[in-house]
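Contents: one structure, followed by commentary.
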Amino acid sequence: MYQVGNFVEMKKSHACTIKSTGKKANRWEVTRVGADIKIKCSNCEHVVMMGRYDFERKMNKIID
């Protein structure tokens with residue numbers, strides 16, 4: 004399972020791009036776990052909050 008501080012990869016990439024490579028960012032940090040999950044883009048610091056069910060469907064794998 005995922006915990007606060009873990010990095011996860013989602014099925015869809017975020018719209019921001021990594022300047023050094025030009026690729027789309029797909030690494031998110033879990034900042035809150037409960038009935039809702041809060042994640043933060045590791046590239047642009049954008050924060051997204053979604054329900055646990057939606058998060059588990061959209062998450063691809065746990066990185067760290």
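Whatever position you read off the sequence shown (first residue = 1), add 3 for our numbering.
Backbone N, C-alpha and C define an ideal beta-carbon position, used for all residues, glycine too.
The structure displayed is predicted, hence computed values, not measured ones.
- The beta carbon of Asn63 is closer than 7 Å to those of Glu12, Met13, Lys14 in its chain, skipping five residues each way along the sequence.
- The C-alpha of Asp67 lies about 22 Å from the C-alpha of Lys22.
- According to the DSSP assignment, Glu59 belongs to the alpha helix (DSSP H) that extends over 55-61.
- When the five nearest sequence neighbours on each side are left out, the beta carbons in the same chain lying within less than 8 Å of the beta carbon of Cys19 are those of Lys27, Ala28, Cys44, Asn46, Cys47, His49, in order along the chain.
- Unbroken beta strand (DSSP E) stretches of 3 residues or longer found wholly inside the stretch 14-51: 30-35, 39-44, given in chain order.
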